[in-house]
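Residue numbers (the working numbering): 17 to 498. Virtual Cβ for every residue (Gly too), placed ideally from N, Cα, C. Nothing here was measured: the structure is a model prediction, and the numbers come from that model.
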């Protein structure tokens, strides 16, 4: 099948899905006054494939087929680099907000290929064949995908089977010859409100008594028994003057409830093999963190650019402390870019033949971004000044009497118009001091795994044996400490 147009993607969302927003059923997300901006934002991934300027990056031709590069199974460093560049390009087009309707789902498909292969080798199952058929279905129909991984969890100190409420984790409540029935809930489910298919993954390692919770599958978003409750965060009315990034851009998150949802056998990718729950969760995260560090690049570039622009507009670009802050911001951004590129270059190929970016460098990049993001925000706000949160409104600038006065009063360095300076201030406000800025700050800490999880991954991925052997050789110590 040919690649879908953006309009075909939009039309595909009118499928009767059970979607709620602020306690009311949403009949059609594509026309909803608050939620439709997320649909328009997600359509960017389809526009990039249509645009002659970006089509070569967004589309691949392999084995006589043409399809989205997001669905290209990575074979080498070049595939990983081009995927990263496409993610960066789409996020740049989205004004620092990742699009994600193909990015996250293909991350999950890559992970499922690797884990299904290992599962089949150990148990003699046919999971890889199922994964491949579902992958081809998504690729050939150019579908938008969401991933539900994080369970609502309840008491975090207890495992799934120890919870007071059994539905804190998604579980199998019935096994049939033709499939399974599942119940429970997931949270933080990005783009599910405007995707076509939902891939469900386990969120953690599990023990044998958690067998019914060791489950992975895929369902369409209009599956019977599936309910999506959209988070209201960031859905207030905005104008493009005061919110240049978020006025027309939104990514929706849902609480995803499974009320006895039937999943056909062909769409089940893990069914009780508890020892593979942890590896599947981890394998997905390692791919998804590579996506994350790729889509963070336009965000850190925006921080550098906004700080540099306002340093100029405020007439302080030559001040020593400002130059120091700009140097820090540049180093912060370019270290992230360098680690991202290096992670693609230092890849390994794992059965059944997928290239995997280096997990040590991926996690170093994600940890570098996340652990320093709030410091970056502080430096940008310091350079910009308090006007980011005290400036006049759009209506004031449009007032026939007040507008000209305000443009005059808020002029900056010679030649800088007051409105231009206010627009730059509002860019910083939207980046760092709005609900969108707060959303990005929380994502920096928690999205794609916590900072502590990244630190553990770095520790786990490093070659400790080689480092200690080198230290022993330098010290003249033999094996066993002798």
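DSSP beta-bridge partners for residue 195?
Answer by DSSP bridge pairing, in chain order: 192 and 280.
Does DSSP classify residue 158 as helix, strand or coil?
Under the three-state reduction of DSSP, residue 158 is assigned to coil, being neither helix nor strand.
For residue 231: DSSP bridge partner residues:
In the DSSP output, where bridge partners are listed per residue, residue 231 has 287.
Who does residue 370 pair with in a DSSP beta bridge?
Answer by DSSP bridge pairing, in chain order: 366.
Can you tell me where the alpha helix (DSSP H) with residue 100 in it begins and where it stops?
Membership of residue 100 in the alpha helix (DSSP H) is indicated by the continuous run 93-109.
Whole angstroms are fine: how far does the CA of residue 211 sit from the CA of residue 29?
Taking the straight line joining both Cα atoms gives about 7 Å.
Euclidean distance between Cα positions of residue 485 and residue 492:
Their Cα atoms are separated by approximately 10 Å.
Considering just the uninterrupted stretch of the alpha helix (DSSP H) at residue 64, what are its terminal residues?
Element bounds for residue 64: 60-66.
Distance, Cα to Cα, residue 64 vs residue 224?
Taking the straight line from one Cα to the other gives about 45 Å.
Could you check what DSSP says for residue 147 in three-state terms: helix, strand or coil?
Residue 147 sits in a helix when the DSSP states are folded into three classes.
Exposed or buried, which one is residue 202 when buried takes at least 16 other CB atoms within 10 Å?
Answer is buried; the Cβ neighbour count reaches 16.
Residue 251 to residue 430 span [Cα, whole Å]:
When rounded, the separation of the alpha-carbon atoms in residue 251 and residue 430 is 38 Å.
Is it true that the segment 369-378 meets the segment 472-481, where meeting means three or more beta-carbon pairs spaced less than 8 Å apart?
Yes: at least three Cβ pairs fall under 8 Å.
For residue 73 versus residue 102, is the C-beta distance shorter than 8 Å?
Here residue 73 is near residue 102, since their CB atoms are less than 8 Å apart.
For residue 167, which of helix, strand or coil comes out of DSSP?
Looking at residue 167 - three-state DSSP - the assignment turns out to be strand.
Where does residue 562 land, buried or exposed, given buried means 16+ other C-beta within 10 angstroms?
Residue 562 lies beyond the stretch modelled for the chain, which goes from 17 to 498, so this question has no answer here.
Where does residue 138 land, buried or exposed, given buried means 16+ other C-beta within 10 angstroms?
With fewer than 16 other Cβ atoms within 10 Å, it is exposed.
Looking at the unbroken beta strand (DSSP E) that takes in residue 82, where does it start and where does it end?
The continuous beta strand (DSSP E) containing residue 82 extends over residues 81-84.
For residue 300, the first and last residue of its enclosing alpha helix (DSSP H):
That run of the alpha helix (DSSP H) goes 293-311.
Kindly identify the DSSP beta-bridge partner or partners of residue 408.
Note: residue 408 sits in no beta bridge, so no partner.
Bridge partner(s) assigned by DSSP for residue 177
None, per the DSSP bridge assignment.
So residue 268 is in the beta strand (DSSP E); what residue range does that whole segment cover?
DSSP places residue 268 outside any beta strand (DSSP E), giving it a letter other than H or E.
Reduced DSSP secondary structure (H/G/I, E/B, other) of residue 182
Of the three classes helix, strand and coil, the one that applies to residue 182 here is helix, per DSSP.
Which same chain residues end up closer than 8 Å to residue 53 when comparing Cβ atoms and leaving out the 5 residues on each side of it in sequence?
Closer than 8 Å at the Cβ level, and outside the excluded window around residue 53, lie 264, 265 and 266.
Excluding five sequence neighbours on each side, which residues of the same chain lie with their C-beta closer than 8 Å to the C-beta of residue 406?
So the list is empty, once near-sequence residues are dropped.
Beta strand (DSSP E) segment containing residue 213, residue limits:
Unbroken beta strand (DSSP E) run through residue 213: 213-216.
Is residue 133 closer than 8 Å to residue 368 when the C-beta atoms are compared?
Yes, they are a contact pair.
Name the DSSP bridge partner or partners of residue 77?
For residue 77, which the question treats as bridged, DSSP gives the partners 82.
Do you know offhand how far residue 435's Cα is from residue 258's?
If you draw a straight line from the Cα of residue 435 to the Cα of residue 258, it comes to about 11 Å.
Identity of the residues DSSP links to residue 236 by a beta bridge
213.
Bounding residues of the alpha helix (DSSP H) (the contiguous stretch that carries residue 378)
If you look at residue 378, you'll find it in the alpha helix (DSSP H) that goes 375-400.
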